[in-house]
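K.L.:
Here's a structure for you.
What follows is the structure in structure tokens.
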């Protein structure tokens, strides 16, 4: 079974631009979660989508948004980029139901904001 | 809210040494607990999990026991190898029956492990 894929793997943007990241979950998984990883803040939860609906949201400004499509693929958008948005963005997929929320991670998208 | 605290790193060991990485958590209800590992330049891999009190998760020689009385989930391995060098993250997820944290993983700050030959 194919794992979680993320595209692109690397991105370089300048301040003020916007960016869209894509995540394809494991087949059969209905939940996609997004995380930001930085050396200073560690791994922080952005949001989770389940069956095309945002089910959970972390403490990030409204510049960070996402969506999920009917095939469970998800996109994350960051508008008006700031230098502090430079990070590794990880998405994870899971069944989204059941006793454990076992999440499987993709390789991440490395975003650099100049 | 939910939180996870891991022991301060980095941890440096010689090959075949015993490893313990401490993890304690704060959460309401009965969370599921996980250990993830991250190798350089890669995403996170699930190492092991436990879903209820006294469960022991194990994989690749690593073990961790869900201790509700001490709210802990310490990672152990009897004999580490150079290939175990990585960053280890303890994490929790809420129970599906309660709260809004079910679809969200809360992570500890990570512990860098370096194993020398």
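Chains as they are written, first to last, in my numbering: chain A, -7 to 106; chain B, 193 to 309. Note that the Cβ used here is the ideal one computed from N, Cα and C, for glycine as well.
1) What residue does the beta strand (DSSP E) around residue 22 (chain A) start on, and which one ends it?
2) Report yes or no: do the stretch 61 to 79 of chain A and the stretch 12 to 22 of chain A share at least 3 C-beta pairs separated by less than 8 Å?
3) Starting from the beta carbon of residue 47 (chain A), find every residue of chain B whose beta carbon is closer than 7 Å, and list them in chain order.
4) Between residue 195 (chain B) and the rest of its own chain, which residues show a CB-CB distance below 6 Å, the 5 nearest in sequence each way excluded?
5) Please name the residue, chosen from B:259, B:197, B:243, B:302, that lies closest to residue 277 (chain B) on a Cα-to-Cα basis.
6) Under a three-way DSSP split, which group does residue 75 (chain A) fall into?
7) So residue 251 (chain B) and residue 267 (chain B) are supposed to be a Cβ contact under 8 Å. How far apart are they, rounded?
8) Taking Cβ positions only, does residue 239 (chain B) come closer than 9 Å to chain A?
9) Indicate whether residue 11 (chain A) and residue 80 (chain A) have their beta-carbon atoms separated by less than 9 Å.
10) Note down, one range per segment and in chain order, each alpha helix (DSSP H) of at least 4 residues found wholly within the stretch 196 to 256 of chain B.
P.N.:
In short:
1) Counting along the chain, residue 22 (chain A) falls outside any beta strand (DSSP E), and DSSP gives it neither H nor E.
2) yes
3) 295
4) 218
5) Closest by alpha carbon: B:302.
6) Per DSSP, reduced to three states, the secondary structure at residue 75 (chain A) is helical.
7) Going by Cβ atoms, the distance from residue 251 (chain B) to residue 267 (chain B) rounds to 11 Å, so no, they are not a contact pair.
8) Under the 9 Å criterion on CB atoms, residue 239 (chain B) is classed as non-interfacial with respect to chain A.
9) No. Outside cutoff.
10) none
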